[in-house]
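Chains as they are written, first to last, in the working numbering: chain E, 1 to 112; chain S, 1 to 114.
The structure is reproduced here in structure tokens:
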């Protein structure tokens, strides 16, 4: 039972344009949502998070949007840069400390 | 100044052997985790310790035994290794009081069972 889903396994975007990565979840008990970025042969690194009481959180080029009624979140990267090319995982959690439930990941490729 | 470190980074062994993976964090966190990333790239929780106490124990075979000698260390011992244990194992740590439950991950240990 996959509680967190990323339906697009890959995304290709031109440098300078917007990248939009999507994530859906099924468990309404989740309170916190996080995005992680992962390069090959490295561990996931934290990018940005949002709590269920908000609908938007921004950090520089990264913005996460949450639509609780649709159980959907998205990560926007503007402008996209070649260094953003990586696998992006969304994750969900109840109150800390608790496990993170990860999506299956979306491989983003930003080309010049 | 590595935050979460794991040893070894690569581990190749025969079926039936016993092996251990070590994890250390220097972030002053009180909670540590083991996650497994399988061949399909799913990242799934295995165990979690808070202040050396086991707080999460997912449905993992009892051949896997975590041990936390102190808050900064969490080791994973695996007995009688099987082919299906081949995966990348990630250690992570966090503050129990962190609002967003942000977890910091180690570089991973790629285990290959032949």
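No residue lacks a Cβ here, since even glycine has one placed at the ideal position from N, Cα and C.
| said: Quick check on the burial criterion: 16 or more other C-beta atoms within 10 angstroms. Buried or exposed for residue 29 of chain E? | reply: Exposed: under 16 other Cβ atoms inside 10 Å.
| Can a CB atom of chain S be found closer than 8 Å to the CB of residue 89 of chain E? | yes
| Against chain E: residues of the segment 96-108 of chain S by CB proximity under 8 Å | 96, 97, 98, 99, 100, 101, 102, 103, 104, 105, 106, 107, 108
| said: So that I know if they touch, is there some Cβ in chain E lying closer than 8 Å to that of residue 48 of chain S? | reply: Output row for residue 48 of chain S: interface = yes.
| In terms of alpha-carbon separation, which member of S:40, S:75, S:36 lies closest to residue 52 of chain S? | S:75
| field | Helix, strand or coil at residue 84 of chain E according to DSSP, with G and I counted as helix | value | helix
| Applying a beta-carbon distance threshold of less than 8 Å, which residues of chain S neighbour residue 99 of chain E? | 33, 45, 48, 56, 58
| task | Please name the residue in S:60, S:21, S:47 whose C-alpha comes closest to that of residue 31 of chain S. | result | S:47
| task | Pick helix, strand or coil for residue 11 of chain S, following the three-state DSSP scheme. | result | strand
| request: Assign residue 132 of chain S to buried or exposed, taking buried as 16 or more other Cβ atoms, counted over all protein chains shown, within 10 Å of its Cβ. | output: With chain S covering only 1 through 114, there is no way to say anything about residue 132 of chain S.
| said: Is the beta carbon of residue 60 of chain S closer than 8 Å to that of residue 86 of chain S? | reply: no
| task | Helix, strand or coil for residue 85 of chain S, going by three-state DSSP, please let me know. | result | helix
| Cα-Cα separation, residue 110 of chain E to residue 81 of chain E | Distance from the CA of residue 110 of chain E to the CA of residue 81 of chain E, rounded to the nearest whole angstrom, comes to 6 Å.
| query | How would you call residue 50 of chain S, buried or exposed, if buried means at least 16 neighbouring beta carbons within 10 angstroms? | reply | buried
| task | Could you tell me which of E:3, E:2, E:4, E:16 sits nearest to residue 76 of chain E, measuring between CA atoms? | result | E:16
| Which residue comes first and which comes last in the beta strand (DSSP E) that contains residue 25 of chain S? | 19-25
| Which chain E residues are close to residue 41 of chain S, counting only those with a beta carbon under 7 Å from its beta carbon? | 104, 105
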